[in-house]
Structures are given as structure tokens and as C-alpha cells.
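Below is one structure; the comments refer to it alone.
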Amino acid sequence: GFHSLVLMGVADADYKFMYFDVGAYGSEGTVRLDLPPSRIVHGKLIPLYFVADDAFPLAKHIQKPFKPPSKYKTLPEDERIFNYRLSRARRTIENAFGILCVRWLCLARTMFVGPDRAQKVITACCLLHNYLTTVDKNEYVPQGFSDTVLENGSIVDGYWRTRIPPNSMFRDEEGLSSGGRLPENAKLIREHLKNYLNSEQGSLSWQINLFK
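Numbering (UniProt numbering), first residue to last: 1 to 212.
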């Protein structure tokens, strides 16, 4: 049989990993991070949060998209705009993982090493990724290699997406659902952020045109 390792990561706008953890095989751990203090957003104190997809639960420090009430109903426009803005931000970590997998081919196939050695290999790849992104980004992530956001808000996929092998460690987990009842305070935070992103102060001039 084969072991499976989970790589969790947080990336900045330059696709560098600010935090990553190569999970222990056969177990799930609890990670505690010292986050910066809350900030005032649109008149209310909002905790800093991670942008995530539907594989994660909605929580005080995790924001995820709205889901339609059923497959036969669509979301209202303000929720679709929130989802677009959140998904646009989430592309940063998606690009970071994609670039990592394409640049380090050992991650594109089964590693014929033990779990402990595999953890070290993945950790080394993440560190080298950060180093090259810092010292030689133009060569490591040339123009067009990562996703590009145009002035009208449309997104051009980076060509790393065409080079992901089918058996690489890169996975799109958006189809997963955390399920369960959403915590009330997390729902209120998401609702406030939705209102802000649809307000005069927080909206983008072209975002409404994406849904016409």
C-alpha cells in the first residue's frame, strides 16, 4: 500500500508560503497560529481570516463562499459578487501550489521513499520554492506562468495549469463539503464582509458587469 501526506499552506501575494505544514501520515493535527489583531472593516471590528474553499468549514478565522440553497436555485447578486471576490483572492494559494508542483517534478509522481523521507522532500521543495520566488521570481515565475487579472476583472489562467500531471500532488478539493451547521458568529462576519464588498467603499467599478 501507499501512504498519503497532506500539505497545508498559506501563501502571500507573491506565491511564497508564509506557513506550511506537511501533515503526519495517518493522522490529523491541530495547528495554533498567533494571528494579528482584528481590524476595523466598514465600521466593525473584523478578525483576520484565511480565504478558503468549500473543503474547509466556515469559522471565525476562515471565510468560504456562499452555497446555493439547492442545485435548482442561484445565489443573489450580492452573494455572487462576494464569492467572486473571495475566489479571486483564493487563486493566490492555488497558484502557489500549482507552481510548486510544476517546478518540482518529484511532486508529480509517486515517491518511492518512506513517509519520513517524503516529509523532508516536500519541506525542502517548499523552502526552495520560497527562495527562488524571492531571489529570481522573473525566471521562476515568468510573466504568464501564473494567473493574470485583467483591468476589466476577467482572469487569464496561467500556463502552469496546462503542465500539471494527472498524478501530481496538486488536487482541486473544491468539490468537497465540510457539512454541518455554520457557526453564527462566522456567518455574521461573512455577511458583513459581503455588505462591504458590495458597498461604495469596498466595491470595484467593474464587478457588477461580471454578472450581467
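Cβ atoms here follow ideal geometry from the backbone N, Cα and C, with glycine treated the same way.
Since we're looking at a predicted model, the values are computed, not measured.
For the beta strand (DSSP E) that residue 32 lies in, which residues bound it at each end?
As a working mapping, residue 32 is identified with position 32 in the sequence shown. Where residue 32 is concerned, there is no enclosing beta strand (DSSP E), given that its DSSP letter is neither H nor E.
Is it the case that the stretch 57-71 contacts the stretch 196-203, given that we only count it when at least three CB pairs across the two stretches are under 8 angstroms?
no
Would you list, in sequence order, the uninterrupted alpha helix (DSSP H) runs of no fewer than 4 residues that lie entirely inside the UniProt domain "DDE Tnp4" (3-130)?
77-103
Of the residues 208, 103, 126 and 207, which one's Cα is nearest the Cα of residue 162?
Within the sequence shown, numbered from 1, the residue matching residue 162 stands at position 162. Among 208, 103, 126 and 207, the Cα nearest to that of residue 162 is on 103.
Ignore the nearest five residues each way along the sequence and tell me which others in residue 62's own chain have a CB closer than 8 angstroms to its CB.
As a position in the sequence shown, residue 62 is number 62, starting the count at 1. Closer than 8 angstroms at the Cβ level, and outside the excluded window around residue 62, lie 49, 50, 52, 56 and 186.
So is residue 122 buried or exposed if we call it buried at 16+ other beta carbons inside 10 Å?
In the sequence shown, counting from the first residue as 1, residue 122 sits at position 122. It counts as buried.
Verify whether the separation of the beta carbon atoms of residue 15 and residue 141 is less than 8 angstroms.
Here residue 15 refers to the residue found at position 15 of the sequence shown. Here residue 141 refers to the residue found at position 141 of the sequence shown. Result yes, Cβ atoms of residue 15 and residue 141 sit closer than 8 angstroms.
Nearest by alpha-carbon distance to residue 143: which of 18, 98, 159 and 6 is it?
Within the sequence shown, the letter at position 143 stands for residue 143. Residue 143 has its Cα closest to that of 159, out of 18, 98, 159 and 6.
Around the Cβ of residue 184, are there at least 16 other Cβ atoms within 10 angstroms (buried) or fewer (exposed)?
Taking the sequence shown and counting its residues from 1, one reaches residue 184 at position 184. Per the 10 Å Cβ criterion, exposed.
Starting from the Cα of residue 216, find the closest Cα among 4, 22, 5 and 13 and give me that residue.
In the structure displayed, the chain extends from 1 to 212; residue 216 sits before or after that span and is not available.
Report the three-state DSSP secondary structure of residue 155 (helix, strand or coil).
As a first step, residue 155 must be located in the sequence shown, where it is residue number 155. The answer is strand: DSSP assigns residue 155 an E or B state.
Consult DSSP for residue 135 and reduce its assignment to one of helix, strand or coil.
Residue mapping note: residue 135 aligns to position 135 of the sequence shown, counting from 1. Of the three classes helix, strand and coil, the one that applies to residue 135 here is helix, per DSSP.
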